[in-house]
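*Asks:* In the order they appear, the protein sequences are chains A and B. Take any residue in the first sequence, note its place counting from 1, add 5, and you have its number in my numbering. Take any residue in the second sequence, note its place counting from 1, add 11, and you have its number in my numbering. We treat Cβ as the ideally placed atom computed from N, Cα and C, and that holds for glycine. Here the structure is a predicted model, which is why all the values come from computation and not from measurement. Please find one structure pasted underneath; my questions will follow.
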Amino acid sequence: MNRELKILAIIVILVGITYWGIEPYAHSVMHPHHEPATFKYEDLKPLNVKGDAARGKEAIVNNGCTGCHGIEAAGFPAPMDPVTASATYGVNPPDLSNIASVVDRKFLANFIKNPVHAALLEHKFSDSKPYPMPAFYGSDQDLADIVAYLESIAKKDISTREAYEVACMRCHNLKYDNLTVLGEKPKFKNDVERAEFELNLAKYEANLQNYLGTTPPDLSMYIRSRGPEYIRDFVENPQKILHGTAMPRVGLTEAATEKVIKHLEKVGDRKKEKRERLGVWVLLYFVILSVLAYLWKKEIWKEVI
Amino acid sequence: MAHFTKANSIYEWLDQRLALTKLWKVLAAEYWIPKNINFLWAMGVVLMTMFTILVISGIFLLMYYKPDTKLAFDSVNYTIMQEVWFGWLWRHMHAVAASVVFLVIYIHMFTAIYYASYKRGRELIWISGMLLFVTFSAEAFSGYMLPWGQMSYWAAQVITNLFGGIPFIGDELVIWIRGNFYVSDPTLTRFFMLHVFLLPLIILMLIGLHFYTLRIPHVNNQDGEDIDFDAEAEKYKAGLKKEAKVIPFWPVFLSKDFFVVSVFMIFYFYLVFYHYDFAMDPINFDPANPMKTPPHIYPEWYFLWSYEVLRGFFFDVGPLSAMDMGLIAFGIANVIFFFLPWFDKNDEVAPAHRRGGFFIWFWLLVFDMIILTIWGKLPPTGFNAYIGYVAAVGFLALFAALPALTARRRGLLMLVIITTLLLFIVGYMVYAETMESGIIVALLFLLFYALFFLSPVVVKRVGGAK
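Right, here's the structure in full:
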């Protein structure tokens with residue numbers, strides 16, 4: 006018995022060293038450490054003025070925001086359909102109804118004021134290749150008012166799927182959730198409808214690729230391929246992890262990021278809960294079996310040793 | 012024709028026709044195993060259990076898997092993992108078993124090396140076992156391609172490309188294997204066929220052969236003792252069970268194996284449910300994309316040691332490029348274990364701790380293979396390249412030294428050691444760029460390979476202590 010335990014100990018140690026070398030150690034070498042996300046957006050100027058939602062609504066109309074953005078919640082439909090909008094701007098400008106539900110307020114103000122700077126896309130856009138959304142030259146008070154207005158219309162408690170739709174959907178497909186860059190894939194009555202939808206999707210994706218220089222990946226399995234920590238840190242600041250990427254910093258709050266991750270988990274790792282619950286029972290079964298097998302072995306071997 | 016009487020039970024009826032009682036005696040109740048064993052002797056049954064799990068889970072996966080580059084990824088990651096009832100469980104079990112089975116194979120294999128169970132009549136057990144190892148490797152490689160993720164694709168690309176290094180026919184061979192000029196739909200479909208039909212069939216036949224080869228020489232024991240199995244079996248059957256040096260396969264041997272398998276299952280299912288990333292690499296959850304090379308391409312952990320032997324040669328030698336040098340060493344590494352019974356020139360069957368120099372050799376081999384495995388995954392940049400070189404040359408050197416070591420030819424052994432150390436030194440100088448890889452390096456390698464190939468042929472066997 007003593008010798009058996011010694012052999013087991015040697016095997017456990019050798020396997021442990023090998024495992025440590027090829028998993029935690031090798032991966033720490035291959036994926037250099039980066040600071041974890043804080044969601045403070047400390048490089049941006051804080052918004053110190055108190056805003057007024059009513060004046061914000063006027064400012065939105067006066068400054069022509071609704072020329073490009075829809076605000077369904079306030080009765081402003083999108084001025085163009087997504088495909089035409091993507092042909093014009095590269096990507097469909099977001100509907101602003103729930104933008105404040107997911108985007109940090111400081112980030113929102115800074116983005117309106119200077120989108121390229123807030124999105125960390127200075128390497129992609131310049132005066133010769135301007136960003137589709139122009140910078141805002143109004144006062145800080147105007148900015149505060151607009152943000153206050155957007156906050157007043159935004160849903161306080163959005164679902165994980167809505168958070169995903171507002172934050173990610175205009176660039177990324179999520180096919181395991183039936184979501185495309187054009188929104189949820191509808192049920193088609195016939196092949197003509199299907200073909201029309203697919204043509205629109207192809208056109209939108211082509212425009213997007215032209216705009217970004219690459220096709221943004223489908224996020225269906227990202228929870229398994231990247232894992233929650235990576236997604237969290239990446240969303241907060243894509244440039245920090247993938248330097249030079251076309252993905253803008255989107256300025257999500259920590260809570261909204263968690264919702265997006267939760268949604269990706271529901272889509273890409275739907276059986277997680279079931280897996281973790283069933284595992285306990287299976288392990289328990291084999292623990293009991295091991296005890297019984299040991300007793301049986303002792304019983305049988307009594308005769309021979 | 013045999014004489015048949017009326018049977019009184021179904022068993023008797025079958026027994027008359029199939030000799031079940033006799034069959035059971037031959038296969039289990041009177042199949043004799045030495046008593047002097049430890050839990051390492053249970054690895055065969057653990058392997059059989061893992062293989063059974065792989066076959067059964069594989070059958071369930073096969074019902075939903077689609078071997079088509081357009082459908083494969085979604086059929087695995089959506090249909091099987093999310094839609095099918097317990098599909099995720101079968102997939103996790105299959106993937107984790109495929110990885111863990113290699114851990115057990117390596118333990119099984121090194122047990123045989125440690126206790127010298129590969130010689131003196133046991134050569135065919137060893138060779139059929141190595142054939143199983145090679146076939147399992149092909150099975151694992153073809154299976155890894157099926158989910159058609161990023162690493163499926165790029166590993167297939169890199170590994171099939173290696174065949175291009177074979178002189179004269181290399182380029183045509185690669186196209187023949189892939190079924191196309193690059194890894195694509197025909198490649199996936201043919202590897203699917205290999206994975207679910209041809210290779211499992213070969214594995215089943217080899218398992219039969221492996222068991223068959225055990226019958227005459229019998230299983231080895233902890234002390235390498237030469238047991239008279241017939242005499243000991245008579246003792247056991249006469250009721251002297253405590254005195255006999257043997258036990259029957261059923262129920263005595265298997266009762267211990269059941270216990271070991273049960274404990275192993277706790278470990279295995281813990282991995283299946285809570286710790287599977289080592290076997291289901293996250294990067295393979297990205298769909299295959301021929302336009303986007305992953306920053307790090309590496310094989311599964313069980314191939315890392317031979318992969319590092321391939322990568323270890325980082326400089327050109329004479330007319331051979333670094334890649335050629337690597338391919339030669341890689342080719343040798345993949346078949347060298349087959350020849351172990353002929354590299355070991357000592358007839359003594361005893362555990363390594365009673366064989367002096369062989370004990371050191373064994374642990375050096377284990378140490379070297381762990382280093383190769385770890386550095387096989389690390390990026391081969393900077394000093395890692397030199398460590399990989401030392402470990403790869405060291406691996407070949409261990410085999411070059413084995414005939415001299417086991418035949419106690421001190422002079423020859425010193426020559427191998429000195430040549431190896433010189434190769435380490437010139438390798439470092441080339442790495443540090445204080446020396447060009449010129450004629451001296453080429454001559455050293457020539458000497459090294461001459462020692463490697465000639466010693467097992469020239470050195471005479473010596474008889475060991477009985």
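On the criterion of 16 or more Cβ atoms from any shown chain inside 10 Å, does L315(B) qualify as buried, or is it exposed?
*Replies:* Burial call: buried.
*Asks:* Using a C-beta cutoff of 9 Å, does F239(A) count as contacting chain B?
*Replies:* Not one chain B Cβ lies under 9 Å of F239(A).
*Asks:* Inspect the beta-carbon positions of I305(A) and G273(A) and report whether they are closer than 9 Å.
*Replies:* Not a contact, by the Cβ cut-off of 9 Å.
*Asks:* Taking 8 Å as the threshold, find out whether the region 329-339 of chain B comes into contact with the region 114-121 of chain B through three or more Cβ pairs.
*Replies:* Not touching, per the Cβ criterion.
*Asks:* Below 8 Å, how does it come out for the region 74-86 of chain B and the region 149-159 of chain B: are there three or more Cβ pairs, yes or no?
*Replies:* Touching, yes, given that three or more Cβ pairs across the two stretches are closer than 8 Å.
*Asks:* Just how far apart, CA to CA, sit T431(B) and I18(A)?
*Replies:* Going from the Cα of T431(B) to the Cα of I18(A) covers about 29 Å.
*Asks:* Quick check: what's the CA-CA separation for P233(A) versus A290(B)?
*Replies:* Distance between the alpha carbons of P233(A) and A290(B): 19 Å.
*Asks:* Is the CB of K388(B) under 9 Å away from at least one CB in chain A?
*Replies:* Yes, K388(B) counts as interfacial toward chain A.
*Asks:* Can you have a look at I158(A) and say buried or exposed, based on whether 16 or more other CB atoms are within 10 angstroms of its CB?
*Replies:* Buried, because 16 or more other Cβ atoms sit within 10 Å of the Cβ of I158(A).
*Asks:* List the DSSP bridge partners of P298(B).
*Replies:* Note: P298(B) sits in a beta bridge opposite G160(B).
*Asks:* Taking its Cβ as the centre, do 16 or more other Cβ atoms sit within 10 Å of E9(A), making it buried, or is it exposed?
*Replies:* Exposed, by the Cβ-count rule.
*Asks:* Using Cβ-Cβ distances below 8 Å, what residues of the region 27-41 of chain A are close to chain B?
*Replies:* Per Cβ criterion, the list reads I27, E28, Y30, A31, V34 and M35.
*Asks:* Do E134(B) and P414(B) come within 9 Å of each other at the CB atom, strictly closer than that value?
*Replies:* It is not a contact, given that the beta carbons lie outside the stated cut-off.
*Asks:* Taking 9 Å as the threshold (beta carbon to beta carbon), is A106(B) in contact with chain A?
*Replies:* Closer than 9 Å: no.
*Asks:* Is W35(B) helix, strand or coil when you go by DSSP?
*Replies:* Reduced to three states, the DSSP call for W35(B) is helix.
*Asks:* Hey, F325(B) and A396(B): beta-carbon distance below 9 Å or not?
*Replies:* Cβ distance < 9 Å, so F325(B) and A396(B) count as in contact.
*Asks:* In whole angstroms, what separates the C-alpha of I310(A) from that of P45(B)?
*Replies:* Answer to the nearest angstrom: the Cα atoms are 12 Å apart.
*Asks:* Could you please tell me which residues of the region 7-25 of chain A, in chain order, have their CB closer than 8 Å to any CB of chain B?
*Replies:* Correct list: R8, E9, I12, L13, I16, L19, V20, I22, T23 and Y24.
*Asks:* Could one say the Cβ of P222(A) lies closer than 9 Å to chain B's Cβ atoms, at least one of them?
*Replies:* At least one chain B Cβ lies under 9 Å of P222(A).
*Asks:* Hey, how far is the Cα of F456(B) from the Cα of I308(B)?
*Replies:* Cα-Cα distance, rounded: 29 Å.
*Asks:* In this structure, how does DSSP classify L29(B) when only helix, strand and coil are distinguished?
*Replies:* Three-state result, L29(B): helix.
*Asks:* Taking only three categories from DSSP, how would you classify N53(A)?
*Replies:* In the structure shown, N53(A) sits in coil (DSSP, three-state: anything other than H, G, I, E or B).
*Asks:* Under 9 Å, Cβ to Cβ, is there at least one residue of chain A near A166(B)?
*Replies:* With 9 Å as the cut-off, A166(B) does not count as an interface residue toward chain A.
*Asks:* By DSSP's criteria, W43(B) is part of a beta bridge. Which residues make up the other side?
*Replies:* W43(B) pairs with P259(B).
*Asks:* Verify the CB distance criterion: does A298(A) have a CB-CB separation below 9 Å to chain B?
*Replies:* Yes, because at least one Cβ of chain B sits closer than 9 Å to the Cβ of A298(A).
*Asks:* Could you tell me the distance, in whole angstroms, from the CA atom of I12(A) to the CA atom of A108(B)?
*Replies:* Cα-Cα distance, rounded: 23 Å.
*Asks:* Rounding to the nearest angstrom, what Cα-Cα distance links Y287(B) and F113(B) in this structure?
*Replies:* Taking the straight line from one Cα to the other gives about 15 Å.
*Asks:* Per DSSP, L257(A) is paired with what?
*Replies:* Beta-bridge pairing links L257(A) to V108(A).
*Asks:* Using a Cβ-Cβ distance under 9 Å, would G284(A) count as near chain B?
*Replies:* So yes, G284(A) belongs to the interface.
*Asks:* Can you list the alpha helix (DSSP H) stretches of 4 or more residues lying completely in the region 115-171 of chain A, in chain order?
*Replies:* Qualifying alpha helix (DSSP H) stretches, in chain order: 120-123 and 145-158.
*Asks:* Between the C-alpha atoms of S128(B) and I138(B), what's the straight-line distance to the nearest angstrom?
*Replies:* So the two alpha carbons sit approximately 11 Å from each other.
*Asks:* If you run the structure through DSSP and keep just helix, strand and coil, what is G21(A)?
*Replies:* Here G21(A) sits in helix by DSSP.
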